[in-house]
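Chemist:
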Amino acid sequence: MISFNEFIENAGKVKPTARQLERLRETQFYAFIHFSPNTYTGLEWGTGKEDPAIFNPTELDCDQWVEAIKSAGMKGAVITAKHHDGFCLWQTATTEHSIKNSPYKNGKGDIVRELAQACRRGGIKFGFYLSPWDRNAACYGTEEYNDLYRAQLTELLTNYGEVFHVWFDGACGEGPSGKKQVYEFESFFELVRKYQPNATIFKDDGPDLRWCGNESGSARLSEWAVVPHELCCYCEKQTEGALLEGGIPYHSNCDCDIGSLENIMYSEGLAFCPSEIDMSIRPGWFYHPEEEPHSLERLFNTYLRSVGANTTFNLNIPPMPNGKFDPRDITRLKELGDKIRSTFAVNLCEGAKITCTHTSPTQSEYLVELGEVKKINYFELRENIANGQRIASFRIIGRKDGLWETSYENYTTVGNRKICVQESECDAFKIVITASRGRAELETIAAY
Numbered sequence: 034m035i036s037f038n039e040f041i042e043n044a045g046k047v048k049p050t051a052r053q054l055e056r057l058r059e060t061q062f063y064a065f066i067h068f069s070p071n072t073y074t075g076l077e078w079g080t081g082k083e084d085p086a087i088f089n090p091t092e093l094d095c096d097q098w099v100e101a102i103k104s105a106g107m108k109g110a111v112i113t114a115k116h117h118d119g120f121c122l123w124q125t126a127t128t129e130h131s132i133k134n135s136p137y138k139n140g141k142g143d144i145v146r147e148l149a150q151a152c153r154r155g156g157i158k159f160g161f162y163l164s165p166w167d168r169n170a171a172c173y174g175t176e177e178y179n180d181l182y183r184a185q186l187t188e189l190l191t192n193y194g195e196v197f198h199v200w201f202d203g204a205c206g207e208g209p210s211g212k213k214q215v216y217e218f219e220s221f222f223e224l225v226r227k228y229q230p231n232a233t234i235f236k237d238d239g240p241d242l243r244w245c246g247n248e249s250g251s252a253r254l255s256e257w258a259v260v261p262h263e264l265c266c267y268c269e270k271q272t273e274g275a276l277l278e279g280g281i282p283y284h285s286n287c288d289c290d291i292g293s294l295e296n297i298m299y300s301e302g303l304a305f306c307p308s309e310i311d312m313s314i315r316p317g318w319f320y321h322p323e324e325e326p327h328s329l330e331r332l333f334n335t336y337l338r339s340v341g342a343n344t345t346f347n348l349n350i351p352p353m354p355n356g357k358f359d360p361r362d363i364t365r366l367k368e369l370g371d372k373i374r375s376t377f378a379v380n381l382c383e384g385a386k387i388t389c390t391h392t393s394p395t396q397s398e399y400l401v402e403l404g405e406v407k408k409i410n411y412f413e414l415r416e417n418i419a420n421g422q423r424i425a426s427f428r429i430i431g432r433k434d435g436l437w438e439t440s441y442e443n444y445t446t447v448g449n450r451k452i453c454v455q456e457s458e459c460d461a462f463k464i465v466i467t468a469s470r471g472r473a474e475l476e477t478i479a480a481y
C-alpha cells in the first residue's frame, strides 16, 4: 500500500487523452439520430424480420436535420447506421437486410453518406452507432458474427470521411444457434483507432467515454472523470495500487457514487473516463407521432446537469417516416439553443479583478471583485482539465454592503465545466476550494 498523500497526489495527476480533452472542451453537446424500420413499425426494438420495403423516407432531408441540430448549439450528429434489427442504412456488402433492398432511391440510397455530406456542408461533425446486437444475422451467436461485424465497422470507418464519435453498447441476445454472442470489443476498438485515430469511442465501460447509468438525462451530484479502473477496463490504468486493501469499489455505472475518495481508495488503479449523458428529446428513441418533445425547462436543466457538470450530452432527435424532423422538435431545438445562448451571452466577470491565494497544498481561495453590485444567476468554473480533475469540494461566498454571506456550500466536483445555479447579488465573491487532490487549477471563473 502507498501513503495517503501519495495516493491523493497520484489521483490528481490522472489526465485525459487528446481525444477525451477535445470532446470535453470542444464537442460536449451533439445529436443522436435514431432511424430504422422501427420508425415505420412503431417499435423501439425491431425483430429483424421486417421487410426492407417498409423503409422509404420519400422526403429525406439531412440538411434540415443539420440546421435543426445547429440551432440548438450542438456540434455533431451520430446516426444509428444499424440498430438491433440489423437493418443497415448504407450500401453494405455484408447483408441483404439493408437499404439496398428498400424502395428508397430504387435501392441506391445511402443515408449514412447523405448525413455525412450534410454534416460537412453544415460545418458539424459526423459519427455513427453500429449496434453489436443483430436480430437478423443468421450467424449471430457464433464467432463468424464478429467477422461480419468487423466488416461492417470497416465499411463505415473507411467510406464516409472523418468520424468524430463511434457509439457502442453492450446489447446482447441469443442468436439462431440459441447462444448469446460473445463480442470481441478490443478488436472493434482497434479498427476505430486504425482508421479514425481522432474519434472518441463510447461504451458503457470506456475506453474514451462511459455511460452515465441511465437514459433519462439524470446526472450525479459529483461527476468524476477519474474513476476506478475496474469500472472502465478498456481505459489506460494511470495509477497502481489501492490506498486501502480489503474493500470493494463500485463496479456499476448505475451507482451514484463512483469517483469519490471513499470509492477510489479501494480500487486497483485509476483511469480517466468521463461520462456521456444520453436521452431523447421525446419519451421514445424512435419516432412516435403521438409523443410530444420534452419541455424546454427539462432540456435546459439536462444541459446544465451534463455540459455544465463535467459530462457530454448526446440528445436524440428521431426523424419522421418521411425522413424529416417533426416541426415540434425543430421548434424545441431552436428554443433550447436560444435559451443557452441568451443565458450565457454576457459574462459579468469581464473586467473583474481576480486574485488567487493557495492557503494550503489542497485548499485555495479565488477572490473576484466586480466593482459594483451585480445580480448573478449562474456561476461557471473550469479546471485546467489537461492536468487532471482535482477539486473535490468548494463553496461560493458573496459580498454585499460590506457583508460576506455564503451563497452555497455543498458543491463538489468541477472538472471541465461546472455551472452552479445560484442567485446572488454582490459586488464581489469568493470561490473557496475546501478540498482538492493537489493544488487546484481554475482556468475560468465566469458569472451570468
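Letter by letter, the sequence shown follows residues 34 to 481 in the working numbering.
Note that the Cβ used here is the ideal one computed from N, Cα and C, for glycine as well.
(1) Would you report the Cα separation of F62 and N179, rounded to the nearest angstrom?
(2) By how many angstroms is the C-alpha of Q185 removed from the C-alpha of A232?
(3) If I310 and C245 are in contact, beta carbons under 8 Å, what's the gap, nearest whole angstrom?
(4) Determine which residues share a DSSP beta bridge with V260 and list them.
(5) Which residue wins for smallest C-alpha separation from G526, given the options G471, A149 and K133?
(6) What are the uninterrupted segments assigned as beta strand (DSSP E) that are 3 or more residues long and contained completely in the region 368-403, given in chain order?
(7) Under the rule that 16 or more other beta-carbon atoms within 10 Å means buried, what is T416, buried or exposed?
(8) Using the three-state DSSP reduction, which class does T439 fall into: helix, strand or coil?
(9) Is the separation between the beta-carbon of A473 and that of L303 shorter than 8 Å?
(10) What residue does the beta strand (DSSP E) around G109 start on, and which one ends it?
(11) Sort F88, F377, E55 and S397 by Cα distance to S135 and report the nearest one.
(12) Between the region 336-354 and the region 62-71, can you find at least three pairs of beta-carbon atoms closer than 8 Å?
(13) What is the DSSP secondary structure of S131, reduced to helix, strand or coil?
(14) Tell me which residue opens and which closes the beta strand (DSSP E) that D460 is part of.
(15) What would DSSP say about K408, mapped onto helix, strand or coil?
(16) Going by alpha carbons, who is nearest to T127 out of T113, E177, N139 and W98?
(17) Once DSSP output is grouped into helix, strand and coil, what is the label at S313?
(18) Quick check: the Cα distance between E256 and G341, rounded to an integer number of angstroms?
(19) Does S220 pass the burial test, meaning 16 or more other C-beta atoms within 10 Å, or should it be called exposed?
(20) By the 10 Å Cβ neighbour count, where 16 or more other Cβ atoms means buried, how is P261 classified, buried or exposed?
(21) Would you give the residue range spanned by the alpha helix (DSSP H) that W98 belongs to?
(22) Give me the DSSP bridge partner(s) of N347.
(23) Roughly how many angstroms separate the alpha carbons of M312 and G435, rounded to a whole number?
(24) Taking only runs of the beta strand (DSSP E) that begin and end inside the region 183-252, which ones reach a length of at least 3 residues, in chain order?
(25) Measuring CA to CA, which of V454, R361, K463 and P360 is closest to Y399?
(26) Please report the residue range of the beta strand (DSSP E) in which A479 lies.
(27) Is the CB-CB distance between Q214 and Y173 below 8 Å?
(28) I need the straight-line Cα distance from T344 to N247, nearest angstrom please.
(29) Near E402, what residues of its chain come up, given a Cβ to Cβ distance below 7 Å and the 5 sequence neighbours on each side ignored?
(30) Could you compute how far the alpha carbon of L57 sits from the alpha carbon of S210?
(31) Among residues of its own chain, excluding the 5 on either side of C95, which ones have a beta-carbon nearer than 6 Å to its beta-carbon?
(32) Would you call P326 buried or exposed, if buried means 16 or more other Cβ atoms sit within 10 Å of its Cβ?
(33) In angstroms with no decimal places, state the Cα-to-Cα distance between K451 and E413.
(34) So, does the region 365-374 touch the region 103-119, judging by three or more C-beta pairs under 8 Å?
(35) Enumerate in chain order the residues of its own chain whose CB-to-CB distance from L190 is below 7 Å, with the five nearest sequence positions on each side excluded.
(36) Between the Cα of G280 and the Cα atoms of N296, S251, P394 and N139, which residue gives the shortest distance?
Modeler: If we stick to the structure as given:
(1) 31 Å
(2) 17 Å
(3) 5 Å
(4) A304
(5) Summary: the structure shown does not reach residue 526, with the chain confined to residues 34 through 481, and so no result is reported for it.
(6) 386-393
(7) As written in the sequence, residue 416 is Glu, which differs from the Thr given in the question. Buried: at least 16 other Cβ atoms inside 10 Å.
(8) strand
(9) no
(10) G109 to K115
(11) F88
(12) yes
(13) strand
(14) K451 to S469
(15) strand
(16) E177
(17) strand
(18) 10 Å
(19) exposed
(20) buried
(21) C95 to S104
(22) Y63 and D311
(23) 45 Å
(24) 198-200 and 233-235
(25) K463
(26) L475 to A480
(27) yes
(28) 13 Å
(29) A385, K386 and A461
(30) 42 Å
(31) E147, L148 and A151
(32) buried
(33) 6 Å
(34) yes
(35) V196, L224, V225, Y228 and Q229
(36) N296
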